[in-house]
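Okay, so here's the structure we're looking at.
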Amino acid sequence: MDTGTGGRWSGDDNRRVAKRRTRRAGGDESGRPCPCGAGPAYEECCGALHQGRTVAATAEALMRSRFTAYAVGDPGYLLRTWHSRTRPARLALDPADRWTRLDILDTERGGLFDTAGIVEFRAHYRHSGRPGELHERSRFGREDGQWRYLDAG
Ligand SMILES: [Zn+2]
């Protein structure tokens, strides 16, 4: 599925050095709805995964937490949740991107007792203020029992 934004999340073609983003990292997210749109505050939602207090039970939960990692600027979490088979050596987030909203369109398997899953989503962003969206059908698999992002299918 070609959306014209291929490679945006691949990690390979982004060699720009990300400016350190302190703006939204850390504690000042507390109390605000999580960027993934699931409803709870960041700390109770994807923040719990980012901080290692819990793990994603489903592929969709991992997908949401990875979107939120892009939104809050946490490349370390993105690399930790990337399957070792497809993980880029490094990942620099583009500071001109601001991820604003996630719509989950479809899921296939990816549940508690599955070992593979697919999550189709539309992620909305603004790049230097210009709106855009990324539409992807992501594949997920388990590694050491935990859900990991594989690729765009
Ligand atoms: Zn969340």
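All residue numbers for the sequence shown refer to full-length UniProt numbering, where the first residue is 1 and numbers rise by one. Just so you know, even glycine gets a beta-carbon here, dropped at the ideal spot from N, CA and C.
Notebook entry, point to check: The beta strand (DSSP E) with T107 in it runs from where to where?
Noted result: From DSSP, the beta strand (DSSP E) with T107 extends over D97 to R109.
Next item on the list: Since I believe Y125 is in contact with R98 (beta carbons under 8 Å), could you give me their beta-carbon distance rounded to a whole number of angstroms?
Entry: Yes, they are in contact, since the Cβ atoms of R98 and Y125 sit about 6 Å apart, within 8 Å.
Check: Sorted by chain position, which residues of the same chain lie with C-beta nearer than 7 Å to C46's C-beta, five sequence neighbours on each side aside?
Finding: C34, C36, R64, S65 and T68.
Item checked: Ranges of the beta strand (DSSP E) found wholly within the UniProt domain "YchJ-like middle NTF2-like" (58 to 152), counting only runs of at least 3 -> 97 to 109, 116 to 127, 130 to 143 and 146 to 151, all fully within the UniProt domain "YchJ-like middle NTF2-like" (58 to 152).
Note to self: Considering only heavy atoms of ligand 1 and the C-beta of each residue, which residues fall inside 6 Å, strictly closer?
What the structure shows: Per the CB criterion, closer than 6 Å to any heavy atom of ligand 1, the qualifying residues run in chain order as C34, C36, A38, C45, C46, R64 and T68.
Item checked: Bridge partner(s) assigned by DSSP for P33 -> A41, per the DSSP bridge assignment.
Notebook entry, point to check: Looking only at C-alpha atoms, which of F113, D103 and Y77 sits nearest to Q51?
Noted result: Measuring C-alpha to C-alpha distances from Q51 to each of F113, D103 and Y77 identifies Y77 as the nearest.
Check: By the 10 Å Cβ neighbour count, where 16 or more other Cβ atoms means buried, how is S128 classified, buried or exposed?
Finding: Result: exposed.
Next item on the list: Please report how far the alpha carbon of V119 lies from the alpha carbon of F140, in whole angstroms.
Entry: The C-alpha of V119 lies about 8 Å from the C-alpha of F140.
Check: How big is the Cα-Cα spacing for R142 and T115?
Finding: Each residue's CA atom was taken as its position, placing R142 and T115 some 6 Å apart.
Next item on the list: Quick one: residues in its chain with C-beta nearer than 7 Å to the C-beta of R101, no 5 flanking neighbours on either side, listed in chain order?
Entry: Take R101, set aside five residues on each side of it, and the residues of its chain with a beta-carbon closer than 7 Å to its own are G37 and H124, in chain order.
Next item on the list: Mind reading off the beta-carbon distance from L112 to A56? Whole number of angstroms is fine, and I expect it under 8 Å.
Entry: Incorrect: roughly 11 Å between the Cβ atoms, too far for contact.
Check: Does DSSP classify A48 as helix, strand or coil?
Finding: The answer is helix: DSSP assigns A48 an H, G or I state.
Notebook entry, point to check: Smallest Cα separation from T107: which of L62, G39, R32 and L49?
Noted result: Sorting L62, G39, R32 and L49 by C-alpha distance to the C-alpha of T107 places L62 at the top.
Notebook entry, point to check: Any idea what DSSP makes of D13, helix, strand or coil?
Noted result: Its pLDDT being 47, under 50, D13 is placed unreliably in this model, and the coordinates cannot settle the point.
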